[in-house]
Amino acid sequence: MKCETIEQALIESAGMTPEITAHLEACAACRSFQTTLMALERSLDPGNVPDPGPRYWSDLPGRLRIRLAQERVEPTLWERILDLPRFVSLVPVALLLLFLLHPEIARRRVGEPLSVQDAPSEAEIVAFLEKEEGAKSLFPVVDIDEVDPARVSTGMLLAINEDTEEVEDSLLPAASRGLFDNDSLSETIDELDGAELEALATLLERS
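So for the sequence shown, our numbering puts the first residue at 43; every next one is plus one.
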């Protein structure tokens, strides 16, 4: 007999005929197939499953009702919040919403430029220059055209024209007489030049 015929007979439990017995004694492959088939049949035999006893079966309906009741109970709010997988998944979403809803945080992240309030004041700039650059005082530059001659005192006029010679009254307009002391001038008007001459000429024109 062929091996295929023996295997089919073993599966169908046809019984150990003399032909099958003789083939199994001569064929090792068929003997291994018979051993595997017998182990599989033993594992599928319901008689090999131990009986849990009558108490197990009597308590089974009660345990099933308790299990069903537990599954129907809704979890509390804190149980939902403290659900670790769900909580971990919501953390990136919360951080993204916080970033989008607070523009102040976004501006700091991208590097917001300094506002006007952060800029140093004029007094701080002057103090810095006096300390670092050695400047003793800083004065705004005033155009001579913006100076009102009526507000120029005698002391300021004498300081501008210091060391000038006495000027005759006939050389000055009548409106300018009495504004400064002619006796304090040490040079003539013809000897003045540059910025001093221009300042004096402008002052005389406005007087």
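Glycine is no exception: its CB is placed at the ideal position from the N, C-alpha and C atoms.
Fair warning: this is a prediction, and the values are worked out from it, not measured in the lab.
State the CB to CB distance for the pair A51 and I62, rounded to an integer number of angstroms; the pair is presumed to be in contact (CB under 8 angstroms).
-> Their Cβ separation, rounded to whole angstroms, is 6 angstroms, which keeps A51 and I62 in contact under 8 angstroms.
Which value, in whole angstroms, describes the spacing of the CA atoms of D47 and H65?
-> Here the sequence assigns Thr to residue 47, which means Asp is not the residue at that position. Rounded to the nearest angstrom, the two C-alpha atoms are 10 angstroms apart.
Taking the CB atoms as reference points, tell me whether F75 and E49 lie closer together than 9 angstroms.
-> yes
Limits of the unbroken alpha helix (DSSP H) element including P60 = P60 to A68
Name the two residues that bound the continuous alpha helix (DSSP H) containing E54.
-> It is not in any alpha helix (DSSP H) - E54 carries neither H nor E in the DSSP assignment.
Using the beta-carbon count (16 or more within 10 Å), is L15 buried or exposed?
-> Outside the modelled stretch of the chain, which goes from 43 to 249, sits residue 15, for which no answer is possible.
C69 versus R84 - alpha carbon distance = 23 angstroms
Looking only at its own chain, which residues have a Cβ that is under 8 angstroms from the Cβ of I167, when we skip the five neighbours before and after it?
-> none
Cα separation between L138 and E164?
-> Computed Cα separation, rounded: 42 angstroms.
Simplified DSSP assignment, three categories, for G197 | Because G197 carries a pLDDT of 48, less than 50, the predicted location of this residue cannot be relied on, and the following value inherits that uncertainty. G197: helix per DSSP, three-state reduction.
Classify P96 as helix, strand or coil using the three-state DSSP reduction.
-> helix
Could you give the distance in angstroms between the alpha-carbon of E113 and the alpha-carbon of W99?
-> 22 angstroms
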